[in-house]
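Residue numbers (the UniProt record's numbering), protein chains in the order written: chain V, 1 to 256; chain S, 1 to 261; chain R, 1 to 263.
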Amino acid sequence: MFRNNYDNDAITFSPQGRIFQVEYAQEAVKQGSVVVGIVSKTHVVLAALKRNAEELSSYQKKIIPIDSHYGIALAGLASDARVLSNFMKQQSLASRLNYDRAIPLAEITQRIGDRAQKNTQEYGKRPYGVGLLIAGVDARGPHLFEFQPSGVTQEMIASGIGARSQMARTYLERNLDQFEGSGREELVKHALRALKDSLSQDKELTVDNTSIGIAGVGEDFKLYEGAEISSWLETTFENKADDEETAAPETMEVDS
Amino acid sequence: MAGMFAGPQEMMGYSFNTAPTSASEPRQHSFYPYTDNGGSTLGISGADFTIMAGDTRSTSGYSINSRHVPKLFLIGGEGPKNKGARIVLSVVGFAADGDALKEKLDKEVKMYKYQHGKPMTVSACAQRLSHILYNKRFFPYYVHAILGGIDEEGKGALYSYDPVGSYEREQCRAAGAASSLIMPFLDNQVNFKNHHIPGSGEGHDLKPVVATPLPKETVIELVRDAFTSAVERHIEVGDGLQMMILTKDGVEEQLLPLKKD
Amino acid sequence: MNHFPQAWGRPRDDIYGHYNSSYLQTANPTQHTQSPVVTGTSVVAIKYKDGVVIAADNLASYGSLARFTDVKRLRKFNSSTVLGFGGDVSDMQYLDRLLNDLDVKENYSHADDEASQLSANNLHTYLSKVMYKRRTDFNPLWNHILVAGISSESEPFLASVDLLGTTFSSPSLATGYGAHLAQPIMRKLVPDEEAVKGISKEQAVDVVKECMKVLFYRDARSMDGYSIAVISKEGIEIKENEKLENQSWQFAERIRGYGTQVN
Numbered sequence: 001m002f003r004n005n006y007d008n009d010a011i012t013f014s015p016q017g018r019i020f021q022v023e024y025a026q027e028a029v030k031q032g033s034v035v036v037g038i039v040s041k042t043h044v045v046l047a048a049l050k051r052n053a054e055e056l057s058s059y060q061k062k063i064i065p066i067d068s069h070y071g072i073a074l075a076g077l078a079s080d081a082r083v084l085s086n087f088m089k090q091q092s093l094a095s096r097l098n099y100d101r102a103i104p105l106a107e108i109t110q111r112i113g114d115r116a117q118k119n120t121q122e123y124g125k126r127p128y129g130v131g132l133l134i135a136g137v138d139a140r141g142p143h144l145f146e147f148q149p150s151g152v153t154q155e156m157i158a159s160g161i162g163a164r165s166q167m168a169r170t171y172l173e174r175n176l177d178q179f180e181g182s183g184r185e186e187l188v189k190h191a192l193r194a195l196k197d198s199l200s201q202d203k204e205l206t207v208d209n210t211s212i213g214i215a216g217v218g219e220d221f222k223l224y225e226g227a228e229i230s231s232w233l234e235t236t237f238e239n240k241a242d243d244e245e246t247a248a249p250e251t252m253e254v255d256s
Numbered sequence: 001m002a003g004m005f006a007g008p009q010e011m012m013g014y015s016f017n018t019a020p021t022s023a024s025e026p027r028q029h030s031f032y033p034y035t036d037n038g039g040s041t042l043g044i045s046g047a048d049f050t051i052m053a054g055d056t057r058s059t060s061g062y063s064i065n066s067r068h069v070p071k072l073f074l075i076g077g078e079g080p081k082n083k084g085a086r087i088v089l090s091v092v093g094f095a096a097d098g099d100a101l102k103e104k105l106d107k108e109v110k111m112y113k114y115q116h117g118k119p120m121t122v123s124a125c126a127q128r129l130s131h132i133l134y135n136k137r138f139f140p141y142y143v144h145a146i147l148g149g150i151d152e153e154g155k156g157a158l159y160s161y162d163p164v165g166s167y168e169r170e171q172c173r174a175a176g177a178a179s180s181l182i183m184p185f186l187d188n189q190v191n192f193k194n195h196h197i198p199g200s201g202e203g204h205d206l207k208p209v210v211a212t213p214l215p216k217e218t219v220i221e222l223v224r225d226a227f228t229s230a231v232e233r234h235i236e237v238g239d240g241l242q243m244m245i246l247t248k249d250g251v252e253e254q255l256l257p258l259k260k261d
Numbered sequence: 001m002n003h004f005p006q007a008w009g010r011p012r013d014d015i016y017g018h019y020n021s022s023y024l025q026t027a028n029p030t031q032h033t034q035s036p037v038v039t040g041t042s043v044v045a046i047k048y049k050d051g052v053v054i055a056a057d058n059l060a061s062y063g064s065l066a067r068f069t070d071v072k073r074l075r076k077f078n079s080s081t082v083l084g085f086g087g088d089v090s091d092m093q094y095l096d097r098l099l100n101d102l103d104v105k106e107n108y109s110h111a112d113d114e115a116s117q118l119s120a121n122n123l124h125t126y127l128s129k130v131m132y133k134r135r136t137d138f139n140p141l142w143n144h145i146l147v148a149g150i151s152s153e154s155e156p157f158l159a160s161v162d163l164l165g166t167t168f169s170s171p172s173l174a175t176g177y178g179a180h181l182a183q184p185i186m187r188k189l190v191p192d193e194e195a196v197k198g199i200s201k202e203q204a205v206d207v208v209k210e211c212m213k214v215l216f217y218r219d220a221r222s223m224d225g226y227s228i229a230v231i232s233k234e235g236i237e238i239k240e241n242e243k244l245e246n247q248s249w250q251f252a253e254r255i256r257g258y259g260t261q262v263n
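Given below as structure tokens:
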């Protein structure tokens, strides 16, 4: 049977120029539940679907506020995310302490990118099995960054990572033009709709399984959960029935 | 050197010593790493509140550095403005050490909240501050610290420290340049020292008045009186009075003028 | 065999001769600055409604010797901040290199825009940490520095940090002799932050020039050639080869008790 000889460590290239362990780490991200982020001129929103292992357990944390001006959403290994978020918290406090400055988002993103890259070049390490969306506001305005286990970081207008996130990205691509001019509430609606598109048929967004994080110009990053998000869920999906009625025939037509 | 360890039975020498033969020359240091930036602080705790206060003058010798350098700091709140903080630290003495101490404590209380998901209690914070000071006992933070907050039972809490971390929970404490002027006043007015019940006896039979927690308004008046009096008699105290009133609802900050002479 | 474990396996003097251990001590004990050598005197600065004015003369003294007469003690840092250095000139030059490295690093990471540049308060905080760290290591940078510029809130910013890491901020500031001679003159104009809002650039420049003159009259380690900078949102105007004007030495006639004039 075929056996891959080039995935015994995270630093050896295959003859095809691939590092398999990094690619496997990216698979771990795809196993995590979906998170979505969108940025406009004034705000940036994160939305995440929380999972519970069983009915009796609590939901896994998906959005972590780091400093007052930004937070992260994670998809993949939560324990790896905790290591990264502790590092980010320390770096952010150090920036406030040593420079009296909120750390620029590009800078903190680059720092975790550099850290992740080290794991793909030093022997005996393994890549982080987590993808992050870093969202917040700094001196240059609102930003959304995406981080991958390979150490690749990119600034995004909108992004979705995690299980079935392709559906969310499709929604985001279709509505790309609207994001820049969107206000706070519109942005939340887009994020929730994108999130919903990634759900499997039998699932619904509820106050229990959804988290929202918002930051804006003059508005600190805040995590919203539970009852705080019920009105957003209601207003976003209130005419769900109508949507489905009108949408259903269209999809039928396309299919046929 | 040779022959230094020659025992009685053998005549064999070595080219090294077992221990230094004399203490090394004392190093001359003309650099002294401390200074006194003057000023005074004070804290009084009540039944359901704590009041912290300090003047805002900063001095170097006979010069005034600035008329507005706060000595009271919110600890462990949200973001750079410490929103929602419920603990106040006051430091008086060497201001640079005071700032370093404040920042260290603030960082640790913030990390505690981040890691545990709940704010630190005042008693825990008080013990942590003691350890921070004690850890630097051989090169101390040259400050007298007072920590104020509301305890888990809703009562006013006040802790005072020496520069190497000895600490104690008290009803009231004055620290800094004018502490020797303010503290006896507080003993008399807060703890009712030398107050006796009239006609309760002669000499040693006189019954002392038992101290009871004072209402907030009375304490605010006491603080203002303490500082206006200290300003008259101490040159390092003056310019402004910064007051923080801690209750279950949070921290209210007041800034009052003091004489600038 | 003997009872000195240190001796085991070592050459014996009675067989190999005395062991010359002098080469083992290669370095002297580390030395730290215990006093400044070549020094600059006062720096004065005052806030006005749109910015800050800062000045320092161009003299570097070696004790009482006026050693270098064209040393620029004001240093521009990006487009929002000017630093004024009093105290040791070599430590000033070290800090200058340190800040240059910081500036290069900052421009490298986000070159394109002004918004995320380090502003005056960022720089002051950074400097205060450097100074406090060095005093804690008993290896001080022998300077008293004024940081003048525009803060991240786009307000005029003026603060000081000294060799002990002590920091404070005030509508007007002066180091060294200036704290005694110039501060009273400037405080008359700006007693508090409220008064700053009523001060024009011209008023601020005039009072700073007046202070430089008074310092030249009375501070023996000062000079009449000086640098002056005005920092506002529009940018930095810095003039490094100014000369004191309208001096009057008439007051000198009335000074008694020095030299030949005894009473």
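Beta carbons: idealized from backbone N, C-alpha and C, even for Gly.
- Taking each of Pro140/S, Gly176/S and Phe138/S in turn and checking the Cα distance to isoleucine 235/S, the smallest one comes out for Gly176/S.
- Residue range 20–31 is occupied by the alpha helix (DSSP H) that includes valine 29/V.
- In the three-state reduction of the DSSP assignment, lysine 118/V falls in the helix class, which pools H, G and I.
- Residue range 143–150 is occupied by the beta strand (DSSP E) that includes asparagine 143/R.
- Relative to asparagine 121/R, the option among Asp91/R, Glu153/R and Ile255/R whose CA is nearest is Glu153/R.
- For the stretch 102–124 of chain S, residues whose beta-carbon sits nearer than 7 Å to a beta-carbon of chain V comprise Glu103, Lys107, Lys110 and Tyr114.
- Proximity of the stretch 139–148 of chain V to the stretch 12–19 of chain V falls short of the contact definition, fewer than three beta-carbon pairs being nearer than 8 Å.
- Serine 68/V reaches chain S at Glu78, Gly79, Pro80, Lys81 and Lys83, counting residues in chain order whose Cβ is nearer than 9 Å.
- A buried status is given to histidine 43/V, since no fewer than 16 other beta-carbon atoms sit within 10 Å of its beta-carbon.
- The beta carbon of valine 36/V is closer than 6 Å to those of Ala47, Gly160, Ala168, Ala191, Ala194 and Leu195 in its chain, skipping five residues each way along the sequence.
- For asparagine 65/S, the enclosing beta strand (DSSP E) has its first and last residue at 63–66.
- When rounded, the separation of the alpha-carbon atoms in valine 143/S and serine 248/R is 47 Å.
- The straight-line gap separating the alpha-carbon atoms of leucine 222/S and serine 80/R is approximately 45 Å.
- Contact with chain V is absent for aspartate 57/R, since none of that chain's Cβ atoms lies less than 8 Å from the residue's Cβ.
- With its beta carbon less than 8 Å from one in chain V, asparagine 122/R belongs to the interface.
- Listed by position along chain R, the residues whose Cβ is nearer than 7 Å to that of aspartate 100/V are Asn121, Asn122 and Thr125.
- Of all C-beta pairs linking the stretch 57–76 of chain R to the stretch 85–99 of chain R, three or more are shorter than 8 Å, placing the two stretches in contact.
- Rounded to the nearest whole angstrom, the CA to CA distance from glycine 63/R to glycine 61/S is 23 Å.
- At a cut-off of 8 Å between C-beta atoms, serine 90/R does not count as an interface residue with respect to chain S.
- Valine 69/S reaches chain R at Phe168 and Ser169, counting residues in chain order whose Cβ is nearer than 8 Å.
- Within chain S, not a single residue places a beta-carbon under 9 Å from that of tyrosine 177/R; the smallest gap is close to 11 Å.
- In the three-state DSSP reduction, phenylalanine 168/R falls in the strand class (E or B).
- When rounded, the separation of the alpha-carbon atoms in glycine 79/S and isoleucine 157/V is 26 Å.
- The Cβ of phenylalanine 138/R sits closer than 8 Å to at least one Cβ of chain S.
- The residues Ile64, Ile66 and Ile72, in chain order, have a CB closer than 7 Å to that of serine 85/V in the same chain once the five nearest residues on each side in sequence are set aside.
- A straight-line Cα-Cα distance of about 12 Å links leucine 95/R and leucine 163/R.
- Nearest to glutamine 121/V by alpha-carbon distance, out of Asp80/V, Gly226/V and Ile11/V, is Ile11/V.
- Valine 207/R is a Cβ neighbour of leucine 189/R, given a cutoff of 8 Å.
- Among the CB atoms of chain S, none fall inside 8 Å of the CB of tyrosine 226/R.
- Going by beta carbons, valine 52/R and glycine 149/R fall inside the 8 Å limit.
- Not one beta carbon of chain R lies nearer than 8 Å to the beta carbon of alanine 135/V.
- About 20 Å separates the beta carbon of glycine 154/S from that of lysine 113/S, a gap too long to meet the 8 Å contact definition.
- By the Cβ rule, the stretch 225–233 of chain S counts as touching the stretch 176–193 of chain S, because three or more pairs are nearer than 8 Å.
- When C-beta atoms of the stretch 128–145 of chain S are compared with those of the stretch 115–131 of chain V, fewer than three pairs fall below 8 Å, so the two segments do not count as touching.
- Counting along the chain, the unbroken beta strand (DSSP E) around valine 39/V starts and ends at 35–39.
- For secondary structure counted as the alpha helix (DSSP H) over 4 or more consecutive residues, the stretch 113–192 of chain V holds these complete runs in sequence order: 165–174 and 176–179.
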